[in-house]
Amino acid sequence: MSKYRYVNSRGESIDLFRRPLWVASFNPLRSYAYERVEQNGYFFGYTRRKNVEKQLTVQYYGDEFYQFRDEFYKVTNYDVVMNAYGRLYDGDWFAVGNFPTESIDVYDKIRRMWTSQIGFFVPEEVWRREVGSFIFTGDQTDPSSVPAIPLANYPSNYPHGYVSGNLERIITNDAAFPCPFTLTIEGACSNPAITISAKGGTGHVYNVNADVGAGERLIIDSMARTIGIYDAQNNLIQNAFAYQNHDADKYVFEPLPVGDLSVRYQNIPSVTLTIYEERSAAKWS
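In our numbering, the protein residues as written are 1 to 285.
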């Protein structure tokens, strides 16, 4: 499969750079513009554009044209019908959106080739790639796990010690700017809170006031601004957005700083942190 592909919201994929489909121009995907933010004549800065449709020139040709065209629209139209978004990949980079429009420009009867424009709609003009994914557990059999803190003594003479439930892991975010993320918290746990801090910093608390049962997962997606609890079959059980902590220092979608980061939590069986880098256009390669 080429580096240009579309993956819809249920995981079906279509290659955009193989016979009998040929995307003749990806240039619009690499074009972008920031919008000026002004009010009453005062300039406040720039922001990314929202709800942009980019026109791609495509060509369909060859003996397999009709079969492939049905396959292409089965994959792309699913998201339009379901009011969902897929991912358009350029190598490791992806943009979130769907394909709601097409206009036919030319049909060449001799070569049996269509040339048309398909519109790729993006709710936000941004490209992302996964920087890294980190799994933290207290299970000593897991080579990526965080070791438990050894037994310590109480200040008085009790006949037993205690184990701290506060686990810590050091990771590195090597992106250029603060990053969005997804945070997956495995149950069973109650009101999970994870503190992530830059080197020498006090840390930021990512806290959701909700109960996550055994076999369930709480997923915080800072890109989609969603918080959900899912069962083992990945079915949404509960939208937990209303149960997040709204304190300013515990804003659950706060971007992750760059550099070395400390991740601390307690009383959670497993945590998976996936970090994404953002750009206004996919990086040239």
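From the three backbone atoms N, C-alpha and C, an ideal C-beta is built for every residue, glycine too.
Using the rule of at least 16 other Cβ atoms within 10 Å of the residue's Cβ for burial, across every protein chain shown, is S164 buried or exposed?
Annotation note: pLDDT 38 at S164 (below 50); position unreliable, no value reported.
Take G119 as the anchor and find which of T57, C189, F43 and R69 has the nearest alpha-carbon.
Selected option, being the one with the closest Cα: T57.
Give a yes or no on contact between the region 188-203 and the region 89-106, applying the rule of three or more CB pairs nearer than 8 Å.
At 8 Å Cβ cutoff, the stretches do not touch.
Over what stretch of residues does the beta strand (DSSP E) that includes V122 continue unbroken?
Per DSSP, V122 belongs to the beta strand (DSSP E) from M113 to E124.
May I ask you to report which of helix, strand or coil DSSP gives N173?
DSSP places N173 in strand when its eight states are reduced to three.
Could you have a look at Q67 and say whether DSSP puts it in helix, strand or coil?
In this structure, Q67 counts as helix in the three-state DSSP scheme.
Between which two residues does the beta strand (DSSP E) holding R264 run?
Start and end: G259 to Q266.
Which residues in the same chain have their Cβ closer than 7 Å to the Cβ of F181, if we skip the five residues on either side of it in sequence?
Hits under 7 Å: S222, L256, L273, T274, I275 and Y276.
Compute the Euclidean distance between the alpha carbons of A176 and V258, then round it to the nearest angstrom.
Near 7 Å, if we compare the C-alpha coordinates of V258 and A176.
When you compare each of T184, R128 and Y265 to G215 by their alpha carbons, which one comes out closest?
The shortest C-alpha separation from G215 is found at T184.
How about E186 and S262: are their beta carbons less than 7 Å apart?
No; because the gap between Cβ atoms is not below 7 Å, this pair is not in contact.
Measure the Cβ-Cβ separation of E125 and Y46 and say whether it is below 7 Å.
In this structure, Y46 does not lie closer than 7 Å to E125 by Cβ.
My understanding is that E168 touches R264, with C-beta atoms under 8 Å, so please give their C-beta distance in whole angstroms.
With 8 Å as the limit, E168 and R264 qualify as a contact, their Cβ atoms being about 5 Å apart.
Using DSSP with H/G/I as helix, E/B as strand and the rest coil, what is A281?
In this structure, A281 counts as coil in the three-state DSSP scheme.
DSSP puts F134 in a beta bridge; with which residues?
DSSP lists L273 as partners of F134.
At the level of alpha carbons, what is the spacing between E64 and G86?
Answer to the nearest angstrom: the Cα atoms are 25 Å apart.
Which of helix, strand or coil does DSSP assign to L29?
Helix, per DSSP.
Can you give me the Cβ contacts of N234 inside the same chain, cut-off strictly under 7 Å, excluding the 5 residues immediately before and after it?
No residues qualify anywhere along the chain.
Kindly indicate which three-state DSSP category R19 falls into: helix, strand or coil?
Correct three-state label for R19: coil.
Could you tell me whether the Cβ atoms of I227 and I237 are closer together than 7 Å?
For I227 and I237, no; Cβs fall outside 7 Å.
To the nearest angstrom, report how far apart Y34 and I220 are at their CA atoms.
Straight-line Cα distance between these residues: approximately 27 Å.
Tell me whether S190, by its Cβ, gets closer than 6 Å to a heavy atom of the ligand SAM.
Looking at this structure, you won't find the ligand SAM or any other ligand, since it has none at all.
Does the distance from the CB of F134 to the CB of I171 come in under 7 Å?
Yes, these two residues count as a Cβ contact at 7 Å.
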